[in-house]
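Colleague:
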Amino acid sequence: MTSLPTRAGLFVRTVIAGVSCLFLSSGVVVAVLLLIGVPIYAGVHYGVEVLSSLTILSDSDFRLAAGPLAVALVVAVGMPCLAAVELSLRTVRTARERSAPAGALAQGIVELASYVLLLSSLLIVLSTLPFLRSALPLPLFGLLVLVGFFYLLMAGYLWAAHEWIRSKDEVNDERTTGGNWLVIGIFIVGYLSIASWVGFGLIVVAALVWLVFGSIIVPNHVDRVRDAIERRAAEITEEEPVDPTATYGITDEVKWVRTRLEQTTALRPTLLVSVTGIVIVGASYWAATLVSVETVVVSVAAMSAVAFVGIHVGATIRTEFTGNNAVLRDLEDRFDLEALTVTDIESVDQIDGTAGSTSDSDRKVDVNASLESIVTRLAGQVDLPPPEIQVLEHGTPVALTVGYRPAVSTLVLSRGLIETLEYHELEAAIAHELAHVANRDAAVLTALSAPSAVARLARSRYGYNPVVEPLAMLVGTISRWYVALVSRGREYAADDGAVAITGDQAALASALESLDADLERRPSTDLRERDTATAFAIVPPPWEKHPFFDRTRRFIARRVFGTHPPTEKRIDRLRAQV
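Residue numbers (full-length UniProt numbering): 1 to 578.
(1) Assuming serine 479 is part of the alpha helix (DSSP H), what are its boundary residues?
(2) In chain order, what residues of the same chain have a beta carbon less than 6 Å from the beta carbon of valine 486, not counting five sequence neighbours either side?
(3) So what's threonine 343 in DSSP terms, helix, strand or just coil?
(4) Going by other Cβ atoms of all chains shown within 10 Å of its Cβ, with 16 needed for buried, is isoleucine 250 buried or exposed?
(5) Assign asparagine 325 to one of two classes, buried (16 or more other C-beta atoms within 10 Å of its C-beta) or exposed (fewer than that).
(6) Could you tell me which residues DSSP pairs with threonine 401 in its beta bridges?
(7) When the Cα atoms are used, what is the spatial distance from leucine 574 to leucine 328?
(8) Which stretch, first to last residue, makes up the alpha helix (DSSP H) that contains leucine 211?
(9) Per DSSP, what kind of secondary structure is alanine 266 in: helix, strand or coil?
(10) On the DSSP bridge list, what partners appear for tyrosine 248?
(11) On a CA-only basis, which of Tyr115, Asn220, His221 is nearest isoleucine 186? Give me that one, please.
(12) Beta-carbon within less than 6 Å of valine 222's beta-carbon, same chain only, minus the 5 sequence neighbours each way: which residues are those?
(13) When burial is assigned at 16 or more other CB atoms within 10 Å of the CB, is phenylalanine 11 buried or exposed?
(14) Curious, which full-length beta strand (DSSP E) runs of at least 3 residues does the segment 297-339 contain?
(15) With DSSP as the reference, label leucine 574 as helix, strand or coil.
(16) Just to confirm, is the Cβ distance from isoleucine 229 to leucine 182 under 8 Å?
(17) Checking 8 Å against the spacing of the C-beta atoms, do valine 44 and valine 300 come in under that value?
(18) If contacts are defined as beta-carbon pairs under 8 Å, then threonine 502 and alanine 428 qualify, I think. What distance do you get, rounded to the angstrom?
(19) Does aspartate 383 come out as helix, strand or coil in the three-state DSSP assignment?
(20) Which one of Val38, Leu331, His312 has the shortest CA to CA distance from glutamate 393?
(21) Within its chain, find whatever has a CB closer than 8 Å to the CB of arginine 98; leave out the 5 residues flanking it on each side and keep chain order.
(22) Do valine 539 and aspartate 572 have their beta-carbon atoms positioned less than 8 Å apart in this structure?
(23) Would you kindly check if the distance between the Cβ of glycine 179 and the Cβ of alanine 104 is under 8 Å?
(24) Considering only residues of the same chain and omitting the five flanking positions on each side of valine 171, which have a CB-CB separation below 8 Å?
(25) Please work out which residues of its chain come closer than 7 Å, Cβ to Cβ, to isoleucine 124, disregarding the five sequence neighbours upstream and downstream, and give them in chain order.
(26) If you reduce the DSSP assignment to three classes, tell me which class arginine 7 lands in.
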């Protein structure tokens with residue numbers, strides 16, 4: 001039974017971590033709103049200025065309505081452009097989930113959006129420079145400008161170009177060379193629009209509008225253009241073109257969206273989208289007649305950014321609470337994670353202690369039955385529904401449980417753990433994980449680890465971006481700190497819970513000792529080192545001495561970001577109870 005001071009300390013740690021997680025998530029959402037809202041505002045403002053200056057709108061008959069008409073036209077054109085970006089993001093995400101290459105058009109727009117994001121960050125930095133210049137000492141301000149200029153303009157662009165050129169349609173990469181050539185073409189058009197004629201910029205806008213309406217009206221034509229881009233890119237790079245039948249494109253995503261709309265609203269999607277578009281355009285014109293055009297432009301940019309971010313935040317939250325949480329998706333994204341089957345484990349002697357004459361297939365069945373039997377029996381002892389069992393194809397011994405509710409929890413056991421532990425040790429390790437579920441530790445740690453896991457998934461899915469990358473690194477660092485703050489205090493309670501379930505302190509102590517000894521023999525790159533799953537593992541990764549600042553590094557790794565108390569103390573504590 002956990003003492004009252006210990007429970008009070010755990011509660012305080014959890015509150016601190018929860019508040020930190022809330023502030024971190026809110027800060028990220030605000031940053032993303034700014035990074036998306038600024039380029040939308042710049043585009044709408046530029047479009048309104050250009051259209052308002054046209055002769056047909058500047059004549060005396062149209063002078064009063066020039067501003068509202070320009071706003072309505074820009075909104076009417078801007079909605080398909082934003083829809084094209086959203087469809088491209090959804091296409092890349094779906095292609096990643098289905099292990100298929102994303103279409104060149106979708107990948108090209110995602111790459112283009114990443115560069116627009118970089119430009120928007122520059123605009124935000126430039127807008128804050130006057131304030132910083134008055135608030136900071138001149139030498140510090142000068143240093144800040146130099147550092148920001150070097151990173152955003154030099155390191156950012158060069159590294160982004162490196163990743164862009166290097167990205168190809170490989171086994172573990174959904175990016176395509178066709179998308180790269182598409183972005184090159186867009187940059188050429190952008191340069192011409194600045195250096196020669198502003199009207200060249202309309203080519204990109206017209207292409208985005210065509211992409212949306214074409215994928216709805218003539219999807220086969222869009223697919224043919226995509227295939228032509230892929231073939232041309234393959235010819236230039238002397239590679240085999242991407243198989244069109246294996247590619248997931250924007251037209252496929254549009255079909256899925258139309259089907260969902262029909263099932264949800266029972267209305268024709270074309271009619272629904274048309275009515276919504278007319279309402280939005282009419283509302284923007286009406287608003288521009290009541291208030292200043294600048295106010296309407298700012299409102300349009302803000303509402304577009306909120307809608308854009310809200311769709312993705314809402315989808316993330318919905319996915320989190322349907323059982324497929326971000327921590328589990330992060331593991332599935334980077335490792336071979338499969339549901340338990342009779343072919344998953346090849347060694348039975350370490351599990352049930354039996355040897356001898358039975359065939360290999362019989363032993364595999366015995367292992368499968370043994371694992372399911374252990375989990376079901378131990379879960380029944382604490383009135384928990386048995387969690388789903390998944391096997392991680394990794395040699396490092398890992399046991400972790402994730403999930404917000406016991407009914408949708410998932411127990412992940414690595415092949416290395418199953419092969420390392422004896423039967424009674426494996427039983428104690430599983431009891432330790434079930435104690436985390438019973439104590440709601442798994443739910444708390446899953447929620448606290450979600451921002452870091454989502455940041456890692458975003459980096460993996462959409463590729464490198466010199467603006468998103470440092471933001472994701474910041475999220476991961478802060479998340480590691482407050483997750484470790486909570487996790488350290490919950491391991492002793494889980495050890496006590498495992499002993500209460502099995503009644504065998506010696507078995508858990510032996511399991512911890514075996515896992516710790518096995519990790520000492522592992523190479524330096526460990527699965528859980530600086531990883532989202534660290535807080536869920538049963539023992540921390542081993543410490544390797546460094547030639548410089550070893551004490552400082554150990555203090556930061558074990559005290560600041562350490563997710564577990566020392567394994568030796570846990571073993572001594574358990575053996576003292578025997």
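Ideal Cβ positions, reconstructed from N, Cα and C, are used throughout, including at glycine.
Modeller: Looking at the coordinates:
(1) Reading the sequence shown from its first residue, position 479 is the one you call residue 479. Counting along the chain, the alpha helix (DSSP H) containing serine 479 begins and ends at 468-502.
(2) In the sequence shown, the residue the question calls residue 486 occupies position 486. Result list for valine 486: Arg13, Thr14, Ala17, in chain order.
(3) For the purposes of this step, residue 343 is taken as residue 343 along the sequence shown, with counting starting at 1. Only weak support is given to the placement of threonine 343: the predicted model assigns it a pLDDT of 47, under 50, and the value that follows is read from those uncertain coordinates. Note: threonine 343 maps to coil in three-state DSSP.
(4) As a first step, residue 250 must be located in the sequence shown, where it is residue number 250. Classification for isoleucine 250: buried.
(5) For the purposes of this step, residue 325 is identified with residue 325 of the sequence shown, where counting begins at 1. Classification of asparagine 325: buried, given that the 10 Å Cβ count is 16 or more.
(6) For the purposes of this step, residue 401 is identified with residue 401 of the sequence shown, where counting begins at 1. Paired residues: Leu411.
(7) Reading the sequence shown from its first residue, position 574 is the one you call residue 574. Reading the sequence shown from its first residue, position 328 is the one you call residue 328. Computed Cα separation, rounded: 30 Å.
(8) Locating residue 211 in the sequence shown gives position 211, where the first residue counts as 1. First-last of the alpha helix (DSSP H) with leucine 211: 201-217.
(9) For the purposes of this step, residue 266 is identified with residue 266 of the sequence shown, where counting begins at 1. Alanine 266 falls in the coil class under three-state DSSP.
(10) Here residue 248 is taken as the residue at index 248 of the sequence shown, counted from 1. According to DSSP, tyrosine 248 bridges with Ala102.
(11) As a working note, residue 186 is residue 186 in the sequence shown. The shortest C-alpha separation from isoleucine 186 is found at Tyr115.
(12) The sequence position of residue 222 within the sequence shown is 222, counting from 1. The residues are Gly214, Ser215, Thr251.
(13) Taking the sequence shown and counting its residues from 1, one reaches residue 11 at position 11. Classification for phenylalanine 11: exposed.
(14) 337-339
(15) Position 574 of the sequence shown holds residue 574. The answer is helix: DSSP assigns leucine 574 an H, G or I state.
(16) On the sequence shown, residue 229 is found 229 positions in, with the first residue counted as 1. On the sequence shown, residue 182 is found 182 positions in, with the first residue counted as 1. Yes, the pair counts as a contact, with Cβ atoms nearer than the cut-off.
(17) As a first step, residue 44 must be located in the sequence shown, where it is residue number 44. As a first step, residue 300 must be located in the sequence shown, where it is residue number 300. Yes; because the gap between Cβ atoms is below 8 Å, this pair is in contact.
(18) The residue you call residue 502 lines up with position 502 of the sequence shown. The residue you call residue 428 lines up with position 428 of the sequence shown. That belief holds up - the Cβ atoms of threonine 502 and alanine 428 are roughly 6 Å apart, short of 8 Å.
(19) Residue numbering aside, residue 383 sits at position 383 when the sequence shown is read from its first letter. Here aspartate 383 sits in coil by DSSP.
(20) For this step, residue 393 is matched to residue 393 along the sequence shown. Among Val38, Leu331, His312, the Cα nearest to that of glutamate 393 is on Leu331.
(21) Here residue 98 is taken as the residue at index 98 of the sequence shown, counted from 1. Within the same chain, arginine 98 has close Cβ partners Tyr248.
(22) Looking up residue 572 in the sequence shown gives position 572. Looking up residue 539 in the sequence shown gives position 539. Their beta carbons are not under 8 Å apart, which means aspartate 572 does not touch valine 539 by this criterion.
(23) As a position in the sequence shown, residue 104 is number 104, starting the count at 1. As a position in the sequence shown, residue 179 is number 179, starting the count at 1. Cβ distance < 8 Å, so alanine 104 and glycine 179 count as in contact.
(24) For the purposes of this step, residue 171 is taken as residue 171 along the sequence shown, with counting starting at 1. With a pLDDT of 46 at valine 171, under the threshold of 50, the modelled position of that residue is not reliable, and the figure given next carries that caveat. For valine 171, where only same-chain residues beyond five positions count, there are no Cβ hits under 8 Å.
(25) Mapped onto the sequence shown, residue 124 falls at position 124. Only Leu34, Val38 meet the Cβ criterion.
(26) In the sequence shown, the residue the question calls residue 7 occupies position 7. Three-state result, arginine 7: helix.
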